[in-house]
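Protein chains in written order, with our numbering: chain A, 1 to 455; chain B, 456 to 910; chain C, 911 to 1365; chain D, 1366 to 1820.
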């Protein structure tokens, strides 16, 4: 990381990140407190006022701090750490104004100037300015969704739960506020159930409000609490319409997650089903069908080891490095390439591919055209030949042995069948690539021929 | 644009477009007013009648105007601007009849002829002819959905909200109309709650109707307002069945939008996860893993700069123009191509590709087979060589320098490793393409060799 | 179609198909009548009994008829028309037993044998055997879904509506039957609302039953009608659980249809958005950007004319026939191919591709490597050259003229820029294909050269 | 399978699998009994106690048994069968502790030590430890979902039903327990409906509890049973919020299944629609359009026979074996390859592809460039030639006859049109592959020429 001016904090500073995370927790408190204090004014001007003041103070500190935090220029991708530029950028945007407006303790100022305790509902609504802080939570989730260290499912799930709870809480508190402000208490949703609901405990009122709100959101709608007057009916209508949107959004997200998580299982099942139907429709012999199935099952088990498509998109130098790391040691120990120059091995290795074979599967068929040869990286294979109609095992090959190289070197049909004995990892290089690489290396070609003849 | 006959308006005329947009607003008014006037007849024959007459007059103007608007022939793709053809086309279709029928002010005509004010419900239902105008809104949305200047999400969202509100409003008004027309007022959904609901304010009635309608649509179903007589039960049944369809349609659309918006994030996350799992399962060294991750992250950041697949579908001449614009200046400044003919540069440029490398990533590996060479468009790279097992920095290359050209020109393994120092943009051309292009240009080949030897 | 045995009807016979369609209508009647007759026994033994008997008689005729309808053998794909085989196949399956069981008029038989009119609920339940006939409707929908002459959307939509209505109707009727069979009428869902509900009109009872059933299915649940005794609660529970499944199925299907219908719009919008972002990020000049956009918009407009991917999957002979139909006449009129043998034209034509260019787009760029040449099928293009930095129009080409052929014939960089004047359709053949085809035709090669020199 | 130590059971042992399946049934009983016994304490300490004890005993046996079951090492993929290792692995994990804790019969122990029968609710809650056993059901479903022998749809469906029923049952029982524990019975959800609900039958209480629970889950919410006190309201809220998640999950899964099942139908319909639109927009002649449609329909009918993409991913030796099985006998009987060496046939066969043609479709067109030749595996074709503008049938070919081989052998335009007479299966080999294979086999080439000349 580059060095910054004095008294300037880098945005990726670990301590600054923790500070930001701490602020997010305070934001969640603000999001809960703002609607709550509107509904239950006694609490707002009582015990919660102290906490609110502390929270506001901390956010005031953050506003000051922002003048000392470097920022990333979007067009040059560079970190700007000049005091003046940082200040201009922050002040000239709407952020600064909103940050300040959401931090000023209007109620306390009013009390200091007028000496009165209650200032009416206007302060309750001014509190909603604090919801501006919610953009921090929104930013956090946007960042987490792109961070592969966290599960997308749970990040998204958390976000949806937060959104739902906030909607439910706000609606409940607002609905309660409506009841307290209605003239005839008997004609309110809660007043028609409980007499003197205002003098009862906050806990009871909050439970009723949340119960109504959740009953409506989930569309259960028991009907034990329902709108009594026109104002309540109106708010109810808006809330219900909003809820269709929210519910559809929840279902849409859940469907998205379910569909995505099932993609791999479907791909696996579909492939196996198609192959198995192909085999039975074409009446393939049972032994061949078993080979195919064993191969497919192994393929899906080792799918994380074989990301050919993803690797193919990487730049060539990185791919070569991967190949060298994976295959170089095995290739160097193969008898054919003993004493061969390092250049040749590096070039060959970068064209090689790993393949996995389950037990009892044919890797090379006798008499087939030679297109590839194989080095056995792990496991064991049998060399077989058909004589007078019966299979005869010629020899057994193990780690670092080679298979199919005779066909490739002399360009003749493969003289043997090669069949895996147990789970094998083999390294494959194609006839054509091998020829291309070997051509300019005369001396290495000689060494390979000598190696071959000595065996 | 071609010139049109006198007194003929082109359909793409800016002023005509604004007129059409203005009509859409009036259509929305009509859609709201038609059901409303059925339910609340006093308003229909009172204050709203004036507005209705004005709106009808404006639509009458539009009918006349349509005779002067050219149209696009669907088979020849040409604009037809002959008065006669336009008139025949308009009159011979159902559109004209419906446009006229939806504009005639039946109620006013009736009043003029009979002198009576109320004409019964028949006029309320005749008003529904005006809903024919809704096809204008439907056409507008169909056009907006295909217009990439507008967000698909919000266009679709707006459409769904409009459809929902219209359904809710129509059902509510119709339900109220049913109550007013039922013999025993006590046995209606609203009469059982409010006495003399017909003599109460329109505002109250409308709120009750909408409240019932939204409660039913959202399936909350509190039960405080419910069908009392058989007729109401019947209508309720149809409305509820219609609502399943509407709700399913809303959820289906929301799911579609959510799934589509998440596609890119999923693609990014899946790729990174797969590669990271591949790296750890194959126990790749940490430094290589970091190179891969840095490359992937850069790739997703610069994805908008590298739309290879989309560009590949464009015609060849456009692709060449893009390449020339992007690469020509950089290639001309490369030392190897100084003094080379313009033809050769144009041809080379059209086969080039831009690539981005994050810092500390290998672009070329020592000893690998030369397949491409690179011109550095921005950033800086190091030339490294391995001697006695340690890396030595030979030199540093910057803008317009070339890398890997020695291997390509002499077809030998790359003599140096090339590694990026910071974020680099490099232009790549393949060995094979370069050879193909240079072959017929003998003199240019000479210049390149001379350039190479002079350095 | 092959000829069949005497007295054997082919399953694809038009009259037989109409008969089957007519039966489907009767099946729908049965599906409605079976639950209805259980709930309202008076009707079942009254007016509906006649209709039921007629319907049963018609299905009895169909059973007999089935013995004379040939069937398709699933393994040989041949039509079997032997009386014996048809009979064995039909009788040996469960179909025959069920067909007969669902046709026997148990109630009438009982009345004939015992002389009594009512036989208790057992006949109501025996009626449910008729629901076996529903498999005909299910088969019909399965066939319609695969028939491209019918919209998938509406077929699916109809099916879902049918399923929903049947579920709602059955549940409602069964619920009414429960009420009529409960000892204490006051303690039933309907009895607690209406006294003597059994002596009231069928119409009223049916409306109440359907109202309850739809209120529950849609989860509106007003609560004005609800389960009163344990039996009703139990049935209600099963119905509600079934409804979650049904609702999820409805939403799933709707989502599927919405997602599918939006695929094309999304593909179009995404491509245009990506290209436009690519152009602005890479700061491509405005004129080039307009060319790209014009090309993309034309491409999406003419997408139905250019189904390259689908056509590529057809067998070679069909593809050749399509090419001949589309291009042969244009190629024959091109000056270069006058007098050339029919063989050559046929071979060239099968390698050609049509392309569309919007106005003012470059088709060939001056100095680019010749890879294709073009025959103009419709529209007009300009030949341009750059001299002293300014564009000069050399000539204008129209239908059957050729562009880019000089570069291809002499393998030199294109001497001119070719730019479309209006919407053009051009036929393209690649350099490489042209050479391959012309090689063995010496005399045709001579004619082409002569044609070229004469111009 | 490898041999294991004495007294060690293999996890894939058939009898052990049945034992595990038997345990799953007991788990389902436990899942039902745990909440039930909390709500209805009399049953728990009565008749169910015996069953509970037996079930606990069986699970105790399974704990002991686990010490004798070999396990699969995740990193080496080997079966570990050493007593010590198995024991250490089991005991050192949380599994063992939880297994034991969920099996100890706390209530019986308490009774033995204190002599009292009831131990309060604490034992009801301790019973919930048994729900730990549910992981067995979860594992079973995870395994079934990957097993292609079972339908994914029904497996998933079953799982969703199980989850839903368990949620509904637990919530109902807990809700009933809340009512029994509330001081003022009149103020509980059930007490306000039924007096002395505790002394009524368990059956009645359970029905009411389940009825409430399902009414809430499905969001029907009739309102006849609803929360009366604050505690009930709180639990209701949690249950409703949980239900949104569950419902969204149900819908998401259903959508996933519906979308997946429709994929194939959509692919088929879209292809046919696109081709048919292409044909009509390009005004292709009716006969050609019919050929295309016949081909497409046949293709979708035989899609299970032609899994080219899936087969292409199999290793080369398996693909060769499949080709040999499918084509070898047909190729050996073709006149051209009589007497040819086995090697050649094996090599040719591995490059062959099967294709299906509907009746009256052109396989080869006269004068087209020869790219493939065909061996007819089944069906019949006509050889046609155009003379003086009319088609003449030259001959008819059947099984094992060849078509198009003259063009390929002499590299001349095809002399005849080949058209299918009925449904044909033909085997195709490309010109290029045939040449590659035949080149090194001089003697076989001679035989083929001789065979050709003899005909």
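Quick reminder that beta carbons are idealized off the backbone N, C-alpha and C, glycines included. In this text the structure is predicted, and so the values were computed from the model without any measurement.
> Would you report the Cα separation of residue 1372 of chain D and residue 285 of chain A, rounded to the nearest angstrom?
Replying inline: Our two residues, residue 1372 of chain D and residue 285 of chain A, have alpha carbons roughly 38 Å apart in a direct line.
> Where does residue 430 of chain A fall in DSSP's three states?
Replying inline: Secondary structure of residue 430 of chain A (DSSP, three-state): strand.
> For the 8 Å Cβ check, are there 3 or more pairs between the region 1155-1162 of chain C and the region 719-733 of chain B?
Replying inline: The region 1155-1162 of chain C, when compared against the region 719-733 of chain B, does not touch it at the 8 Å Cβ threshold.
> Going by alpha carbons, who is nearest to residue 403 of chain A out of A:63, A:370 and A:135?
Replying inline: Ranked by how close their Cα comes to the Cα of residue 403 of chain A, the residues A:63, A:370 and A:135 have A:370 in first place.
> If contact means a Cβ-Cβ distance below 9 Å, which residues of the region 1149-1180 of chain C contact chain A?
Replying inline: Listed by position along the chain: 1161, 1162 and 1165.
>> Taking 9 Å as the threshold (beta carbon to beta carbon), is residue 1223 of chain C in contact with chain D?
In response: Interface residue, yes.
> When DSSP builds the beta bridges, which residues end up paired with residue 831 of chain B?
Replying inline: Residue pairing by DSSP places residue 831 of chain B opposite B:881 in a beta bridge.
> Considering only the beta carbon of each residue, do residue 1537 of chain D and residue 1400 of chain D sit closer than 9 Å?
Replying inline: Yes, the Cβ-Cβ distance between residue 1537 of chain D and residue 1400 of chain D is below 9 Å.
> Quick one: what's residue 1312 of chain C bridged to in DSSP?
Replying inline: According to DSSP, residue 1312 of chain C bridges with C:1285.
> With distances taken between CB atoms, is the gap from residue 1221 of chain C to residue 1238 of chain C smaller than 9 Å?
Replying inline: Contact annotation: residue 1221 of chain C and residue 1238 of chain C have beta-carbon atoms that are not nearer than 9 Å.
> Which first and last residues belong to the beta strand (DSSP E) in which residue 1305 of chain C is found?
Replying inline: Counting along the chain, the unbroken beta strand (DSSP E) around residue 1305 of chain C starts and ends at 1300-1307.
>> Along the chain, where does the beta strand (DSSP E) containing residue 354 of chain A start, and where does it finish?
In response: Here the beta strand (DSSP E) through residue 354 of chain A covers 353-357.
>> Within 9 Å of any Cβ in chain C, is that where the Cβ of residue 1724 of chain D sits?
In response: Interface flag for residue 1724 of chain D against chain C is unset, since no Cβ pair is found closer than 9 Å.
> DSSP puts residue 1125 of chain C in a beta bridge; with which residues?
Replying inline: Answer is none; residue 1125 of chain C lacks a bridge partner.
>> So within the region 1139-1204 of chain C, which uninterrupted alpha helix (DSSP H) runs reach at least 4 residues, ignoring any that extend past its ends?
In response: Counting only runs of at least 4 residues, the region 1139-1204 of chain C fully encloses the following alpha helix (DSSP H) elements, listed from N- to C-terminal order: 1140-1191.
> Between the region 1198-1224 of chain C and chain B, which residues of the former have a C-beta closer than 7 Å to a C-beta of the latter?
Replying inline: Interface annotation for the region 1198-1224 of chain C against chain B: 1198, 1201, 1202 and 1205, criterion Cβ-Cβ distance under 7 Å.
> Three or more C-beta pairs closer than 8 Å, one from the region 1548-1556 of chain D and one from the region 1586-1601 of chain D: is that the case here?
Replying inline: Yes, since at least three Cβ pairs between the region 1548-1556 of chain D and the region 1586-1601 of chain D fall closer than 8 Å, the two stretches touch.
> Between residue 807 of chain B and chain C, is there a C-beta pair that is closer than 9 Å?
Replying inline: No, no contact with chain C.
> With 16 as the cutoff for other CB atoms within 10 Å, does residue 1756 of chain D come out buried or exposed?
Replying inline: That one is exposed.
> Checking contacts by CB at 9 Å: is residue 919 of chain B closer than that to chain C?
Replying inline: There is simply no residue 919 of chain B to check, as chain B begins at 456 and stops at 910 in what is shown.
>> Quick check on DSSP: helix, strand or coil for residue 526 of chain B?
In response: In the displayed model, residue 526 of chain B falls within a strand according to three-state DSSP.
> Straight-line CA distance for residue 505 of chain B to residue 598 of chain B?
Replying inline: Their backbone Cα atoms lie some 32 Å apart in a straight line.
>> Give me, in chain order, the residues of the same chain whose beta-carbon lies closer than 8 Å to that of residue 101 of chain A; leave out the 5 immediate sequence neighbours on both sides.
In response: Result list for residue 101 of chain A: 129 and 132, in chain order.
> Helix, strand or coil: which one does DSSP assign to residue 604 of chain B?
Replying inline: If DSSP states are grouped into helix, strand and coil, residue 604 of chain B belongs with coil.
> If you measure beta-carbon to beta-carbon, which residues of the region 1307-1340 of chain C are closer than 8 Å to chain A?
Replying inline: So the list is empty, because no residue satisfies the distance condition.
> Are the C-beta of residue 1643 of chain D and some C-beta of chain B separated by less than 9 Å?
Replying inline: It does not: the Cβ of residue 1643 of chain D has no partner Cβ on chain B nearer than 9 Å.
>> Any beta carbon of chain A sitting closer than 9 Å to that of residue 819 of chain B?
In response: Judged by the 9 Å Cβ criterion, residue 819 of chain B is in contact with chain A.
>> Rounding to the nearest angstrom, what Cα-Cα distance links residue 28 of chain A and residue 1478 of chain D in this structure?
In response: Straight-line Cα distance between these residues: approximately 50 Å.
>> With a threshold of 9 Å between beta-carbons, can residue 1640 of chain D be considered close to chain C, or not?
In response: Taking Cβ atoms only, chain C reaches closer than 9 Å to residue 1640 of chain D, which makes this a yes.
> Is the shortest distance between the beta-carbon of residue 665 of chain B and the beta-carbons of chain A less than 9 Å?
Replying inline: Residue 665 of chain B counts as touching chain A.
>> Output needed in chain order: residues of the region 1581-1596 of chain D with a Cβ under 8 Å from some Cβ in chain C.
In response: Within the region 1581-1596 of chain D, contact with chain C at the beta-carbon level (separation under 8 Å) is assigned to 1582, 1583, 1584, 1585, 1586, 1587, 1588 and 1589.
>> So residue 152 of chain A contacts chain B; which residues on that side make the cut at Cβ distance below 9 Å?
In response: Neighbourhood of residue 152 of chain A in chain B, by CB distance below 9 Å: 717, 720, 721 and 724, in chain order.
> What does residue 1686 of chain D reach in chain A if we use C-beta pairs closer than 8 Å?
Replying inline: Under the 8 Å cutoff, chain A gives 288, 291, 362 and 365.
> What residues in the region 1241-1259 of chain C have a beta carbon less than 8 Å from any beta carbon of chain D?
Replying inline: Result list: 1252, 1253, 1256 and 1257.
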